[in-house]
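In the working numbering, the protein residues as written are 2 to 411.
We treat Cβ as the ideally placed atom computed from N, Cα and C, and that holds for glycine.
Scroll down for the structure; my scribbles are underneath it.
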Ligand SMILES: Cc1cc2nc3c(=O)[nH]c(=O)nc-3n(C[C@H](O)[C@H](O)[C@H](O)COP(=O)(O)OP(=O)(O)OC[C@H]3O[C@@H](n4cnc5c(N)ncnc54)[C@H](O)[C@@H]3O)c2cc1C
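Right, here's the structure in full:
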């Protein structure tokens with residue numbers, strides 16, 4: 002197997018890396034732990050697969066943290082969203098752009114599976130040999146050369162290795178994150194896996210509100226209930242049995258877990274984002290204009306009906322109280338609920354439930370044009386195994402496709 006390229010991981014990055022290397026004339030063997038390719042791709046975007054995001058490379062890159070954007074620049078320019086869509090179109094998978102810029106395959110049953118099939122067809126047609134149900138169990142070698150891989154008792158040697166084993170969330174999809182530990186053992190600089198884009202469990206969840214969404218405001222993270230602002234994300238929050246989910250919760254989850262580990266994290270939701278003084282003034286104006294309006298009716302304009310009465314009960318405010326009868330403390334409580342609905346302390350954010358895992362191979366140790374691990378002659382890293390984690394919206398798959406393409410280009 003002297004001139005062979007082995008790609009480990011048949012997900013988004015590995016499929017593209019294998020196809021690209023084979024189409025440039027390499028003999029490619031693709032190893033995948035699962036019984037079939039692209040298992041995580043198949044469940045992505047709720048089974049619809051938000052493959053990428055609309056816009057020029059500069060806008061795509063701006064969605065990532067600055068160091069990640071700098072790292073991704075060459076690969077996104079070489080193989081960006083237009084290239085992904087073009088490739089899929091040639092394989093019969095048409096795409097469309099949603100109003101929010103997210104790009105999906107045309108709506109039809111199994112649209113995520115169609116994306117996997119397209120990449121698998123491309124790879125096989127280019128001559129890639131695929132071995133599924135094959136989990137790599139260890140790496141063999143030391144810098145500057147990886148000599149081989151262990152598949153249990155079996156040893157596989159190759160000229161070049163591309164590692165595309167993904168992150169560490171949703172381990173049931175094959176991504177257990179163990180390869181990062183092996184790379185660390187070989188001296189590669191790595192950052193430990195860290196939860197991201199995950200639901201947030203709360204110390205005091207509200208299971209009775211499961212399924213209720215609060216919309217149009219901002220989820221805020223502070224160091225304690227009266228502490229400094231540590232982060233915020235504008236968007237909806239959905240109550241779950243154990244805590245909160247929804248766009249704002251997912252996007253803020255990484256910062257929440259960091260703050261929690263540093264000792265002080267507290268969450269609230271500002272359905273009205275104006276300062277409390279401004280909302281108080283607006284409530285006084287409303288009281289003069291509409292003195293008989295009930296407290297519950299006013300709050301119900303801003304929060305879902307299902308949560309209004311229980312919240313007022315917690316604050317000891319009678320829901321039928323007319324605005325003109327509100328004591329000062331009750332008015333303050335109403336303003337408080339609208340500007341900072343208390344969600345309280347988070348519990349540990351689960352790595353396993355994240356749409357992506359933060360952490361991975363340190364970007365400073367990887368050449369952003371080739372994905373070659375510095376100090377190694379024959380080892381390339383791509384996809385979520387790298388320390389890249391973008392927001393929801395197609396960015397993570399695009400990063401996997403772009404870095405996979407770069408890793409297979411030699
Ligand atoms: C529920 C969910 C929904 C998502 N939706 C979206 C979305 O709509 N849009 C978006 O951009 N991103 C989405 N993501 C994120 C996106 O799916 C990932 O970032 C992307 O799949 C990463 O690609 P990858 O190739 O690096 O890893 P993966 O696609 O996870 O592929 C890695 C592969 O490596 C295999 N593997 C791991 N270890 C070994 C081993 N030791 N030996 C052999 N094989 C191994 C795994 O079985 C796996 O198939 C979603 C993620 C989840 C969990």
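Cutoff 7 Å; reference residue i; Cβ partners in own chain excluding five residues on either side
i           : result
residue 145 : 376, 377 and 378
residue 230 : 221 and 223
residue 241 : 200 and 211
residue 36  : 133 and 134
Euclidean distance between Cα positions of residue i and residue j
i           : j           : result
residue 301 : residue 309 : 6 Å
residue 148 : residue 274 : 57 Å
residue 248 : residue 236 : 6 Å
residue 177 : residue 90  : 32 Å
residue 373 : residue 102 : 32 Å
residue 134 : residue 154 : 15 Å
residue 160 : residue 30  : 11 Å
residue 33  : residue 385 : 15 Å
residue 187 : residue 367 : 15 Å
residue 226 : residue 137 : 47 Å
residue 202 : residue 246 : 9 Å
residue 114 : residue 75  : 29 Å
residue 251 : residue 169 : 16 Å
residue 109 : residue 291 : 50 Å
residue 363 : residue 335 : 47 Å
residue 163 : residue 65  : 24 Å
residue 70  : residue 400 : 10 Å
residue 297 : residue 327 : 12 Å
residue 77  : residue 409 : 14 Å
residue 281 : residue 10  : 56 Å
residue 370 : residue 338 : 50 Å
residue 317 : residue 185 : 55 Å
residue 344 : residue 320 : 21 Å
residue 150 : residue 180 : 11 Å
residue 497 : residue 194 : For residue 497 there is no data in the structure shown, the boundaries of the chain being 2 and 411.
residue 393 : residue 314 : 36 Å
residue 299 : residue 267 : 26 Å
Cβ-based burial, residue i [other Cβ within 10 Å; buried from 16]
i           : result
residue 269 : buried
residue 206 : buried
residue 406 : buried
residue 396 : buried
residue 97  : exposed
residue 381 : buried
residue 279 : exposed
residue 204 : exposed
residue 258 : buried
residue 122 : exposed
residue 388 : buried
residue 286 : exposed
residue 218 : buried
residue 107 : exposed
residue 209 : exposed
Contact test: residue i Cβ vs ligand 1 heavy atom, cutoff 7 Å
i           : result
residue 35  : yes
residue 30  : no
residue 42  : yes
residue 82  : no
residue 171 : yes
residue 398 : yes
residue 51  : yes
residue 135 : yes
residue 174 : yes
residue 166 : yes
residue 357 : yes
residue 401 : yes
residue 182 : no
residue 395 : yes
residue 9   : yes
residue 209 : no
residue 14  : yes
residue 252 : no
residue 246 : no
residue 46  : yes
residue 179 : yes
residue 187 : no
residue 385 : yes
Interface flag, residue i vs chain B, CB-CB below 8 Å
i           : result
residue 299 : No chain B appears in the structure shown, which is made up of a single protein chain.
Chain-order list of residues whose beta-carbon lies under 8 Å from that of residue i (same chain, five-residue window excluded)
i           : result
residue 398 : 13, 42, 45, 50, 51, 52 and 53
residue 104 : 51, 52, 53, 54, 55, 82, 86, 96, 97, 98 and 395
Cut-off 6 Å between Cβ atoms - residues of its own chain near residue i, not counting five sequence neighbours on either side
i           : result
residue 390 : 197, 357 and 359
residue 80  : 403 and 406
residue 264 : none
residue 120 : 16
residue 244 : 201, 202, 203 and 206
residue 141 : 148 and 149
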